[in-house]
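**Q** Input: one structure, supplied below.
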Amino acid sequence: MQAVFFWLFSALAVGCALGVVFKKNPVVSAVFLMGSMLALACLFLLLDAHFIAVIQVLVYAGAVMVLFSFIIMILNLPQEELPPLALGGTRAWGVAFGAVALLFLAGKFFPTKEGFMPTSRGFGDVRSIAVPLFREYALAFELTSLVLLVGIVGAVLLAKRKV
Amino acid sequence: MEIFLQEGLVLLKAALWAVALSLVMALVAGFLTYLERKVAGHMQARLGPNRVGPYGLLQFVADGVKLFLKEDLIPSDADAPLFRFGPYLVFVGSFAVFAVLPFGERIVATDLNIGLFYVLAITSIETVGLLMAGWASNNKWALLGAMRSAAQSISYEIPVGVSFLIPIVLAGSMSLQGIIHAQAGGFGLLGWNVFHNPFSLAAFFVGCTAMVAEINRTPFDLPEAESELVAGYNTEYSGMRFAFFFLAEYANIFVISMIAAAIFLGGWQLPSPFKDILPFGLVGSFVLLAKAAVLVFIVLWLRWTLPRVRVDQLMEVCWKYLTPMALVCLMGTAVWMWAFPGRIFFGLFGTA
Amino acid sequence: MDFRVGLVAVEVALSLLALLFILLGAWQRPNTSPTGAWAVAVLALIALGGFSLSSSGIDGVARSFYGLVVSDRLGAFLGLFSLISGLLVLFMSPAYLSREGIHKAEYYGLVFLSLVGGFFMFKAASLLTLFLGLEVLSMPLYVLCGLKRNFGKSPEAGLKYFYLGAFFSAVMLYGISFLYGALGTVNLEGLAALAISSNRHGLMCAFGLALLLCGLAFKAGLAPFHAWVPDVYEGAPTTITAFMATFVKVAAFGALIRILFSLPPDILPVLKPFGWLVAVLTMFAGNLGALYQTNIKRLLAFSSIAHAGYLLVGLLSFNALGQQGVLYYLLAYTFMNVGAFAVVIAFGQRGEENVTLDDLRGMGLRHPFLGVAMALFILSMIGIPPTAGFVGKYYLFAAALSAGMPVLAVIGVLNSVISLGYYLRVLVALFMMPEARAVIIPPKGFGAKVAVAACAVLVLWFGCFVSSPIAAFQGAFSQSMLQPGTIARLP
Amino acid sequence: MYTVVPLLILFVLSSVTAIVFVLANRLLGPQAMTPSKLEPFECGVEVYGPVRQPLHVRFYLVALLFVLFDVESVFFFPWAVILKDLGLVAGVEMLAFLLFLVGALAYAWKKGALEWD
Amino acid sequence: MQPFELTDLGAGTKEMMLNMGPQHPSTHGVIKFVLRMDGEVVAALDPDVGFLHRSIEKIAEKLSYPDFMPYTDRVDYVAAMNCNFGYARVVEKLMKMEVPKRAEYIRVIVAELNRISSHLVSVGTFGNDIGAVTPFLYAIRDRELINDLLEMLCGARLTYNFVRIGGVAFDLPDTFKEKAIAFLDTLEPKLKEFNTLLSENRIFRERLAGVCVISKEDAVAYGVTGPNLRGSGVDWDLRRDEPYSVYPEVSFEVPVGGGLVGKVGDAFDRYWVRIKEMQESAKIVRQCLEQIPEGPIMAKIPRVLKPPAGDAFDRTEAPRGELGYYLVSDGSSKPQRLKIRTGSFAAVSIIPKIAPGWMIADIVALIGSLDIIAPEIDR
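If you want it as structure tokens, here you go:
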């Protein structure tokens, strides 16, 4: 039963990602982006990682999506005349190389028949993430506050009209 | 074979719960529309609906039928797929929170161990739905209203998130049932999170204000400020799609009252000994629904007394008053937990 | 609770100061220059430099924060180099920033935060700390590059650097996740168990390592990923260009050293050919690119790519001589580059007008002090004997020869000869050409002159007195965390 | 896995009910799509000037501040859950984290990024 | 139809053309405002009036003097009595006719009652614009009592057609006095209840403090009159400064805006002046009811009125400002020309000057505080 869901959601995620790339209208591609993020969240649910799944929904499907929608609305790109990317040769090369690499890696890393390891009881709950976050990886936790500080300072410095 | 039976059972139970919840939501949302008009009536020295059914109780059924029969327009130069998708997202967003609401000690659809966090995540999806609806209807008023309502609900999500933290800190777990279980001390009343310490009392008010603002209700109902932006993001909607926004708004009122009652007012804890007279802790669920009803009445009461706040005042309240206050309450609770481990405020004097 | 905060004292001090400067920036009245903040910043850097100089003599390896951070001699030296380059950049900043009208205290805050990021990169004992250090290093740089909002090229530089930076850190993270999948741990000790082979596990390791090294190569500006360097260096404010050219290279090579020297020796036959190719490509890309440049900042940008190539030559020799060479050359490179950019600032006017070569015509005679200093830096970049650049290059190419890669050494020397082409054009413009401009605006900025003088003296000092620093660098690797069974232990 | 199935079924069921409602409305309700009715509502006057105007940059600033503070509140949740067990150590760590967060908020406040001008 | 072209503001953001069009909840009646918006703030505003023009003044030239009276009700249907009062006075002035004392008293009583009901409507809808829905219902409920009183008097609830040239149509029924006194006694506590609900509400005050301030000079320059003028601190009331009818015989104060919450002349001051005026009008009606003499209610006027050729101008203090009638007669039974000057028309003219720099919510508050209604502007 899990395998069915797994293939369903991963296909959904990849499909939505392709939708993002190929759709002309920026707002519709934003919706596809949200679709792929929600599909990823479901994949996390399959792995019983509830906390990560909800973070994925909250931060990506919620906050980042709203940011993208605002940006799209602020830029107000006319849907039809998005400038066509004049890549020509490099696009063909890129697609070819990407396809080869994909096939090669897929062949090597195809999930073997073990399937999903049964997870222990209460594997995905918050405590199993919270304790290491504040003990082993406390330093990483403090570094993220620096990154967020720079993010806010940068946003204010660059975005505010009259700083 | 046994595995399939077990899985089948789970699926069946889940399907039953889903159907039950959809009924509960439709009923609650509808009844709230009636309740709001009745309360408004009596507050404004008039009667409110009393024609359809006894005391107008079937008014919302009549509204529902009317909405089924009304024409569902899609403006010509609107962005049709998005125009249709927006209301779905808003409806599903407000519907999904029902899965986590604890209606009783053992009556809950899914007791996720990340209950409260899940609620915060789902409300942020609704915002994207609003934005899409506003953008797709290709109308100046709708766009301005959608942007404003999105800006409002995302900025109020910060104080809501931080004030959700206080009960989690006190209970040490995020699941709503866990939080309610942790409020059991002090004769069932003094153990409530609201009375746990002065900071959590302040957090109750900060949290409720932020939650009211999050679902765009007065005094923060700016986006659909009739007097300014005509009808905000649902200017171009009519028929059933307009009903989705309508249902979502009233379902949200019920949801925030249930959550506030569950995490701050002790959920189905009740201060009297005869707790288990009825089976399945039904007494508890009645108590919880009573608390939620009180909060719902307060939210409705707000709508019919307070005027509306202006946009910049709205943002200022959020970023300059609610967020700092919520952070102070959080830190205060943390220090309280460290200073008096596990003791509630009244426990300092008495025995509890 | 393995929280020995002492080991990260410098980083904690830097980040607290950064927060202080950012808040000072908020309360700073418009169009006044925060000289108070500048003074505090300079004093702080001098104090921290002294502290890390004294602690660079420690021997033995101390790991803290549950194996996330290591403090050893290698880390101390690289920290010292970063603080020096930060200090020199701070000397140049006030004159340039107030001239361009972007003199804000947040600038110092962001420079300090980027320093903290660099520290965690080359003191990382786990890939997690390395990645986070990279993020903390590059986020402030994205903002700093785009600081001159009105000058067209600066936002372009900021955005370009941001998009590519974000992309390559994602690539790096993808590589780390593969390594974690294969090795089961993110610590650098775990890398010792890395085995490249055709089976699934081996391929995951290879794929992960390749992506990881690509991410770092982008940061160091090595060949296939160097396209961003000229545009970003030209668009960014010149002080930030100097800072990025020197400090980011130190941090990136520090991280490369940490990773490469933790790999098992049997990886070498696979790793060396790729390294060889990248080194050659980088050197040629840098030098050939620089030949056609008229803008002095783009010329210095291409020359910094070339220097990255020379450094890689020393790194790939994997022997004691190479390690000394890399450290020595990093030091020499910092002084040359910061000095050259300081001279560019001194000559430059508001809005980056005369940054092209023919603007500099005759300025060498008009301002002898700056002219001579620039000549000295150019000579050191070419690698003429009395300067530190020569000593560095000598050690690098000697290491390549002794490690059995004579072709690489020859190509290195050949590239130095090619670099004569564009370096001499600068000298010719400075001294032999008649002045092109009617009005001569005297160069302002006392701080820039101090930086130029300091760099000139240090370039000469390290050109002549070589023995003591070389001895100090000798111990850098033996006393570092790189334990037996890895490449570091090779003769 | 089993705690999650009700969620998925709930999502599916809610979207199905939504679709059924709309279809019912389309069948039962009248369908008179006259051109004038499809005009966007502009207070009774025909629309002129571009409708989808690029909007003010302040919306972007609010969204960006929200993303950053949202990520910070995500770090608060695990901290809140284990505060009871880890006690003082987690408190000190969170104090350092909060120091930078409050610093950033104060900076944004003083720089006027929070005003809605 | 492009009132102004859209200048772009740099950084890619262009201005937005917004229509607070005829069919908009916050414009009282059918008025269209075209706003040029810079993001949230109004850059320029162009009122487009005339949707409710019935050319009353032209009709006056086709009707005999008494027959025109019902039309004056439609000039300002919220305060119809004051309009009748004004028209009757200008005709009497032209014909130099004496009006019996009792008629004058009755006219003042109904005019002041109508002022109270008009202010109740304006204050109620103003609260509604700011978002408080309930006070509007309370105001309408109190207004009903006045409507009952006037209905008892002249049978109509909105357009009364009660005042006649030379007097009034009907005499006060005997139960009118106690009923009026009873109403006036209930008015005071009702107003107090209204104030606690709305005026002392912190959000209401926060929304109106210092918003859309009209300075004294602007108010006078643009010819703004009535409560809007007094809200800006100018102490000018026709009933006291150019006393007419029986106003000299009653004593009342004239409330003037004093910057109670924000600055002098802000939206709150104009609102507060109207609240205070209601209390004053109640006092006036109470005194009139005491002092009303016995006697005829109608002077003898010829069946066909033919005022002597010439012109006359007379202005009275209507709830929305100075209501001036200028009548030119050529001696025939129909006026040769009638010009009506109303307070709302001047108030609309000042909006484009005050609006720039404020947000949409403040513009709505400005329109509400100026108490503008379409019929008075377009006539």
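Protein chains in written order, with the working numbering: chain L, 16 to 178; chain B, -5 to 346; chain E, 10 to 500; chain S, 124 to 240; chain C, 275 to 653. In this text, a Cβ means the ideal position worked out from N, Cα and C, and glycines have one as well.
#1: Alpha carbon to alpha carbon, how far is E:Leu119 from S:Gly210?
#2: Based on Cα-Cα distance, which residue from S:Leu146, S:Ile132 and S:Phe144 lies nearest to L:Cys57?
#3: Need the endpoints of the alpha helix (DSSP H) that B:Ala130 sits in, please.
#4: So B:Ile108 and B:Val91 are in contact, right, with Cβ under 8 Å, and what is the actual spacing, rounded?
#5: Just the Cα atoms here: how many angstroms apart are E:Leu286 and E:Leu320?
#6: Based on Cα-Cα distance, which residue from C:Phe342, C:Asp322 and C:Val323 lies nearest to C:Glu331?
#7: E:Ile55: buried (16+ other C-beta within 10 angstroms of its C-beta) or exposed?
#8: Could you check which residue in C:Arg577, C:Asp509 and C:Tyr351 has the C-alpha nearest to that of C:His393?
#9: Hey, B:Ala196 and B:Cys312: beta-carbon distance below 8 Å or not?
#10: Cα-Cα, which of C:Arg560, C:Ile646 and C:Val442 is closest to C:Ala592?
#11: With a CB to CB cut of under 8 Å and the five nearest residues on each side skipped, what residues in its chain are close to L:Val69?
#12: Going by alpha carbons, who is nearest to E:Val257 out of E:Ala397, E:Leu83 and E:Gly142?
#13: What is the DSSP secondary structure of C:Phe615, counted as helix, strand or coil?
#14: Could you list which residues in chain B have their beta carbon closer than 7 Å to that of S:Ala203, in chain order?
#15: By DSSP, does B:Gln177 sit in helix, in strand, or in coil?
#16: Tell me whether the stretch 509 to 517 of chain C and the stretch 609 to 626 of chain C touch, counting them as touching only if at least three CB pairs, one residue from each stretch, are closer than 8 Å.
#17: Whole angstroms is fine: what's the gap from C:Ser555's alpha carbon to C:Asp588's?
#18: Under 8 Å, Cβ to Cβ, is there at least one residue of chain B near L:Gly77?
#19: Is L:Ala153 close to chain E, meaning its C-beta is less than 8 Å from at least one C-beta of that chain?
#20: List the DSSP bridge partners of C:Lys306.
#21: Do you know how far the Cα of C:Gly631 is from the Cα of C:Ala317?
#22: Compare the C-beta of E:Ile185 against all C-beta atoms of chain L and say whether one is closer than 8 Å.
#23: Hey, out of C:Pro447, C:Lys367 and C:Glu551, whose CA is closest to C:Arg389's CA?
#24: Could you tell me which chain B residues have their CB closer than 8 Å to the CB of L:Asp140, listed as they occur along the chain?
#25: Among L:Leu172, L:Leu154 and L:Leu163, which has the Cα closest to the Cα of E:Arg13?
#26: Mind checking which residues open and close the alpha helix (DSSP H) that includes B:Glu243?
#27: Taking all protein chains shown into account, decide if C:Cys357 is buried (16 or more other Cβ within 10 angstroms of its Cβ) or exposed.
#28: Kindly say whether S:Gly226, judged by its beta-carbon, lies nearer than 8 Å to any beta-carbon of chain L.
#29: If you follow the beta strand (DSSP E) that B:Val188 is in, where does it begin and where does it stop?
#30: So which residues on chain S does L:Leu163 lean against when the C-beta distance must stay under 8 Å?
#31: With a cut-off of 8 Å, does the C-beta of S:Leu146 fall near any C-beta of chain L?
#32: Could you give the first and the last residue of the continuous beta strand (DSSP E) run that contains E:Val79?
#33: Taking CB distances under 8 Å as the criterion, tell me whether S:Lys270 reaches chain L.
#34: Under 7 Å, CB to CB, which of the residues in the stretch 58 to 89 of chain L have a partner in chain B?
#35: Around the C-beta of B:His36, are 16 or more other C-beta atoms found within 10 angstroms, so that it is buried, or is it exposed?
#36: Output yes if chain L places a C-beta closer than 8 Å to the C-beta of E:Thr248; else output no.
**A** Reading it off the structure:
#1: 33 Å
#2: S:Ile132
#3: Gly109 to Ala130
#4: 13 Å between Cβ atoms; not a contact.
#5: 14 Å
#6: C:Phe342
#7: exposed
#8: C:Tyr351
#9: no
#10: C:Ile646
#11: Ala56
#12: E:Gly142
#13: Residue identity differs from the one stated: residue 615 of chain C is Arg in this sequence, not Phe. Residue state, collapsed to three classes: strand.
#14: Leu159, Ile162 and Val163
#15: coil
#16: no
#17: 21 Å
#18: yes
#19: yes
#20: C:Asp322
#21: 6 Å
#22: no
#23: C:Glu551
#24: Asn107 and Ile108
#25: L:Leu154
#26: Gly233 to Phe258
#27: buried
#28: yes
#29: No beta strand (DSSP E) holds B:Val188; DSSP gives it neither H nor E.
#30: Leu191, Val194, Glu195, Phe223, Leu224 and Ala227
#31: no
#32: Val78 to Ser80
#33: Since the first residue of chain S shown is 124 and the last is 240, residue 270 of chain S is not available in this structure.
#34: His65, Phe66, Val69, Val72, Leu73, Ala76, Gly77, Ala78, Met80, Val81, Ser84 and Met88
#35: exposed
#36: no
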